[in-house]
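Sequence lines, in order, name chains A and B.
Here the first sequence is numbered in full-length UniProt numbering, starting from 1 and rising by one per residue.
Here the second sequence is numbered in full-length UniProt numbering, starting from 1 and rising by one per residue.
Beta carbons are placed, not taken as given, at the ideal position from N, Cα and C, and that holds for glycine.
Heads up: the structure comes next, in structure tokens.
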Amino acid sequence: MAVKVFAPWDNPDEKPLIRFENVTKKFGDFVAIDNLTLDIFEREFFALLGPSGCGKTTMMRLLAGFEAPTSGKIELGGQNIVPVPPNKRAVNMMFQSYALFPHLTVWENIAFGLKREGMEKDKLNARVEQMLKLTRLERFAKRKPHQISGGQRQRVALARSLAKAPKLLLLDEPLGALDKKLREATQFELMDIQEKTGTTFVIVTHDQEEAMTVASRVAVMDEGQIIQVATPDRIYETPNSVYVADFIGDVNIVEGKAAPLEENQVRIDWAEGQPPLVCTATQPFDPGQTCYLAIRPEKVMITAERPEGADNAVQGKIHDIAYLGNISTYHVQLSNGTIIKAQSANTRRIARRSFTWEDPVWLSWTATAGVLLAR
Amino acid sequence: MNRLSWFNAVSLTLGFAFLYIPMIILVTYSFNESKLVTVWAGFSTKWYGELMGNEAFLSAAWTTLKVAVASSTMATVLGTMAAYILVRAGRFPGRTLFSGMIYAPLVMPEVITGLSLLLLFIGVGLDRGVTTIVLAHTTFTMCYVSVVVSSRLATFDQSLEEAALDLGCSRAEAFRLVTLPIIAPAVISGWLLAFTLSLDDLVIASFTTGPSATTLPIKIFSAVRLGVSPEINALSTIMIGIVTVGVITASLITKQNMVRQRRDEQAAARTQ
Chain A
1 MAVKVFAPWD NPDEKPLIRF ENVTKKFGDF VAIDNLTLDI FEREFFALLG
51 PSGCGKTTMM RLLAGFEAPT SGKIELGGQN IVPVPPNKRA VNMMFQSYAL
101 FPHLTVWENI AFGLKREGME KDKLNARVEQ MLKLTRLERF AKRKPHQISG
151 GQRQRVALAR SLAKAPKLLL LDEPLGALDK KLREATQFEL MDIQEKTGTT
201 FVIVTHDQEE AMTVASRVAV MDEGQIIQVA TPDRIYETPN SVYVADFIGD
251 VNIVEGKAAP LEENQVRIDW AEGQPPLVCT ATQPFDPGQT CYLAIRPEKV
301 MITAERPEGA DNAVQGKIHD IAYLGNISTY HVQLSNGTII KAQSANTRRI
351 ARRSFTWEDP VWLSWTATAG VLLAR
Chain B
1 MNRLSWFNAV SLTLGFAFLY IPMIILVTYS FNESKLVTVW AGFSTKWYGE
51 LMGNEAFLSA AWTTLKVAVA SSTMATVLGT MAAYILVRAG RFPGRTLFSG
101 MIYAPLVMPE VITGLSLLLL FIGVGLDRGV TTIVLAHTTF TMCYVSVVVS
151 SRLATFDQSL EEAALDLGCS RAEAFRLVTL PIIAPAVISG WLLAFTLSLD
201 DLVIASFTTG PSATTLPIKI FSAVRLGVSP EINALSTIMI GIVTVGVITA
251 SLITKQNMVR QRRDEQAAAR TQ
């Protein structure tokens with residue numbers, strides 16, 4: 001059975017639902033969004049990821065209409081929405097604090113937007129019931145927000161923002177206030193609801209795991225600019241910069257000078273007395289150019305003996321071990337002081353672990369395991 | 001339980017004596033049979049009866065009530081608007097000056113406020129009477145309302161209003177349907193504060209009143225200059241009674257709300 005892959009961003013004929021065109025937003029002298037251009041497509045679950053102050057919340061507020069761009073254009077379904085006030089946009093937002101109306105019951109909270117629309121009573125009742133069912137809140141319809149738990153409040157906020165069937169739903173750190181277990185369960189619930197309703201979701205988060213789990217595409221932001229937009233696996237496997245590699249997951253960065261070999265192979269001279277490293281590059285490098293080898297710890301093999309035929313192998317001794325239950329991360333110190341992290345699954349019980357502190361070990365990886373970056 | 005040390009017991013007695021002996025004397029003598037306020041001649045409620053028949057006092061009470069309701073309502077509307085702008089408008093040029101000017105009447109001597117209002121009313125040729133007292137009371141109580149309401153608005157989560165806009169409200173609807181119901185307790189206590197202040201104001205009222213309007217404090221003050229009568233004691237006792245009942249009711253309501261909220265939150269924690 002052939003499954004059609006959802007990838008409208010690869011189709012040049014696809015019209016984007018949202019288009020940011022050279023959008024700049026300044027607060028006084030501070031540039032929150034810096035000449036940003038971005039397309040988001042219908043039915044996408046799009047994640048804006050970045051540290052606090054990177055402009056991701058400003059992007060969301062621009063979409064909701066609470067802020068107007070200093071320059072540039074924002075289109076929703078081909079129409080410029082910059083002059084449209086927030087109450088006239090087919091966009092709804094789920095707030096970080098949930099912003100539930102404390103003086104209204106769960107039912108009235110969900111019905112609030114529909115009443116403003118002037119929906120008929122029968123249709124309104126049916127719609128609210130449908131939303132209560134979708135978010136499994138039927139039992140709590142008569143309660144006030146302070147009479148329900150955090151997880152339930154989060155679902156009320158979601159139901160309220162989905163009730164008007166917006167073209168676009170904005171979620172501002174929606175799961176920030178929940179504990180880890182509940183957050184993970186809710187992530188899947190969100191994806192499920194997004195699939196059922198077919199609404200386009202834009203989520204703002206600083207939690208990279210959350211972005212990776214829920215999103216169809218992730219935009220990594222820094223200082224008002226988008227550094228990379230790609231699917232979660234491409235962001236992880238082929239980051240375009242040290243910033244992205246470092247922001248998403250754990251990574252070893254080795255800085256060195258490039259020496260191009262034949263067939264995209266690049267030799268990296270990186271430290272006195274250490275063997276040069278080899279990496280298959282996806283972009284050309286000039287001889288002597290500064291380059292950064294980014295390699296994920298789980299792609300580094302740790303062995304007691306020097307492995308046969310490995311593209312890259314360095315020797316060191318174990319400086320530290322982080323035992324995480326399912327996996328262990330070994331911090332291996334090379335003779336020049338550099339620390340390289342290697343990760344391996346704990347397939348055996350801890351008593352039978354092969355390595356311990358101060359053990360001399362070999363680290364090895366293939367030429368294609370890492371990514372060679374210019375910046 | 002710890003017994004009070006003699007020092008604490010003495011301080012407590014002194015403090016309460018200082019606060020309440022004048023009032024106890026006043027209340028006691030309102031039930032005095034004799035017309036002389038300083039001589040006890042047995043229990044009687046006849047002064048309350050006479051008070052009910054005293055047209056001058058009754059009409060002054062009625063005027064006071066009208067003035068208090070009208071001025072506190074106007075002050076609440078204006079004070080709430082001012083508080084809303086101060087908290088919400090962010091930084092606009094002259095914000096500090098504006099907020100300073102709102103709060104200045106709090107520390108302004110009443111005599112000066114009264115005098116300046118009097119000059120204004122004479123200047124614009126407004127006949128002094130109920131209208132001018134209402135205007136004057138609105139002016140001086142509005143800053144109190146503004147203080148009460150703005151302290152509530154400062155802790156008000158602004159995303160609630162944004163959520164209302166997001167769900168299709170205009171700015172005015174968002175204020176009416178979301179902000180106002182949530183800050184209502186502060187607005188009501190602002191109104192009550194303004195009402196009480198207007199009820200017992202003597203200085204500003206005497207500056208701005210005319211021959212047609214006499215409020216209760218003015219009436220009492222002028223009556224006392226001719227000698228304290230048990231009738232005034234009776235009137236004062238009624239006022240103390242009204243205030244006491246009001247304060248106790250308000251605190252009971254607050255306490256009940258707190259208990260209910262705590263119970264609700266515990267119930268919510270159990271259903272998680």
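Could you tell me which chain A residues have their CB closer than 7 Å to the CB of residue i, listed as they occur along the chain?
| i | result |
| --- | --- |
| Pro181 of chain B | His103 |
| Ala163 of chain B | Phe95, Ala99 |
| Val87 of chain B | Within 7 Å Cβ-Cβ: nothing; Val87 of chain B doesn't reach chain A, min ~17 Å. |
| Val178 of chain B | Phe101 |
Going along chain B, which residues have a C-beta under 8 Å from residue i?
| i | result |
| --- | --- |
| Ser97 of chain A | Asp157, Ser159 |
| Arg116 of chain A | Leu167, Gly168, Cys169, Glu173 |
| Asn92 of chain A | Asp166, Leu167 |
List the residues of chain A that residue i touches, going by C-beta distances under 8 Å, in chain order.
| i | result |
| --- | --- |
| Gln261 of chain B | His146 |
Of the residues the options, which one's Cα is nearest the Cα of residue i?
| i | options | result |
| --- | --- | --- |
| Ile253 of chain A | A:Arg296, A:Gln79, A:Ala271, A:Arg127 | A:Arg296 |
| Gly309 of chain A | A:Thr366, A:Leu169, A:Leu168 | A:Thr366 |
| Ile112 of chain B | B:Ser206, B:Thr244, B:Thr249, B:Ala9 | B:Ser206 |
| residue 426 of chain A | A:Leu132, A:Pro102, A:Trp357, A:Glu223 | There is no way to answer for residue 426 of chain A, as the model of chain A reaches only from 1 to 375. |
| Leu106 of chain B | B:Ala41, B:Ala213, B:Val148 | B:Val148 |
| Ile242 of chain B | B:Arg88, B:Leu226, B:Ser59, B:Leu192 | B:Leu192 |
| Arg353 of chain A | A:Ile327, A:Thr368, A:Gln333, A:Gly370 | A:Ile327 |
| Thr271 of chain A | A:Gly325, A:Ala322, A:Val218, A:Ile339 | Per the sequence shown, residue 271 of chain A should be read as Ala rather than Thr. Here the closest residue by C-alpha is A:Ile339. |
| Glu75 of chain A | A:Pro174, A:Asp179, A:Phe41, A:Leu373 | A:Phe41 |
| residue 390 of chain A | A:Arg43, A:Ile33, A:Pro51 | The requested residue 390 of chain A does not occur in the structure, where chain A is confined to residues 1 to 375. |
| Pro12 of chain A | A:Ala64, A:Asn35, A:Ser241, A:Asp39 | A:Asp39 |
| Arg263 of chain B | A:Lys15, A:Ile148, A:Asn80 | A:Ile148 |
| Pro276 of chain A | A:Phe95, A:Val266, A:Gln333, A:Gln228 | A:Val266 |
| Arg91 of chain B | A:Ala68, A:Ile203, A:Phe27, A:Leu372 | A:Phe27 |
| Leu49 of chain A | A:Ile227, A:Arg116, A:Pro166, A:Asn125 | A:Ile227 |
| Val204 of chain A | A:Arg155, A:Lys196, A:Val218 | A:Val218 |
| Gly337 of chain A | A:Val314, A:Glu138, A:Phe247 | A:Val314 |
With which residues is residue i paired in a DSSP beta bridge?
| i | result |
| --- | --- |
| Asp222 of chain A | A:Gln225 |
| Gly256 of chain A | A:Cys291 |
| Gly249 of chain A | Gly249 of chain A pairs with nothing; no bridge assigned. |
| Ser52 of chain A | None; Ser52 of chain A has no bridge partner. |
| Met94 of chain A | A:Leu171 |
| Phe188 of chain A | None; Phe188 of chain A has no bridge partner. |
| Thr200 of chain A | A:Leu168 |
| Gln315 of chain A | A:Trp362 |
| Cys279 of chain A | A:Val266 |
Which same chain residues, not among the five before or five after residue i, have their C-beta less than 6 Å away from its C-beta?
| i | result |
| --- | --- |
| Thr199 of chain A | Leu169 |
| Met191 of chain A | Val214 |
| Ala82 of chain B | Ile102, Ser146 |
| Asp201 of chain B | none |
| Glu44 of chain A | Thr200, Ser216 |
| Arg61 of chain A | Glu67 |
With 16 other CB atoms within 10 Å as the buried threshold, where does residue i fall?
| i | result |
| --- | --- |
| Glu162 of chain B | buried |
| Leu100 of chain A | buried |
| Thr155 of chain B | exposed |
| Leu199 of chain B | buried |
| Gly53 of chain A | exposed |
| Glu255 of chain A | exposed |
| His137 of chain B | buried |
| Pro166 of chain B | Reading off the sequence, residue 166 of chain B comes out as Asp, not Pro. It counts as buried. |
| Trp6 of chain B | exposed |
| Leu252 of chain B | exposed |
| Phe140 of chain A | buried |
Just to confirm my understanding: we take residue i, look at its own chain, exclude 5 residues before and 5 after, and list those with CB closer than 7 Å. What are they?
| i | result |
| --- | --- |
| Leu118 of chain B | Phe207, Thr208 |
| Val187 of chain B | Thr76, Thr80, Val149 |
| Glu358 of chain A | Lys317, Ile318 |
| Arg348 of chain A | none |
Along chain B, which residues have their Cβ under 9 Å away from the Cβ of residue i?
| i | result |
| --- | --- |
| Phe66 of chain A | Glu162, Leu165, Asp166 |
| Asn87 of chain A | Ala164, Leu165, Asp166, Leu167, Gly168, Cys169, Ser170, Arg171, Glu173, Ala174 |
| Phe112 of chain A | Ala163, Ala164, Leu167, Gly168, Cys169, Leu177, Val178 |
In its own chain, which residues sit with a C-beta less than 8 Å from the C-beta of residue i, not counting the 5 before and 5 after it?
| i | result |
| --- | --- |
| Ser99 of chain B | Leu86 |
| His146 of chain A | Pro102 |
| residue 441 of chain A | Absent from the model: residue 441 of chain A. The displayed extent of chain A is 1 to 375, so no value can be given. |
| Thr73 of chain B | Trp191 |
Does the ligand HEM have a heavy atom nearer than 7 Å to the CB of residue i?
| i | result |
| --- | --- |
| Lys219 of chain B | Absent from the structure shown: the ligand HEM. Ligands present: none. |
Does the beta carbon of residue i come closer than 8 Å to any beta carbon on chain E?
| i | result |
| --- | --- |
| Tyr330 of chain A | The structure shown has no chain E; the protein chains it does contain are A and B. |
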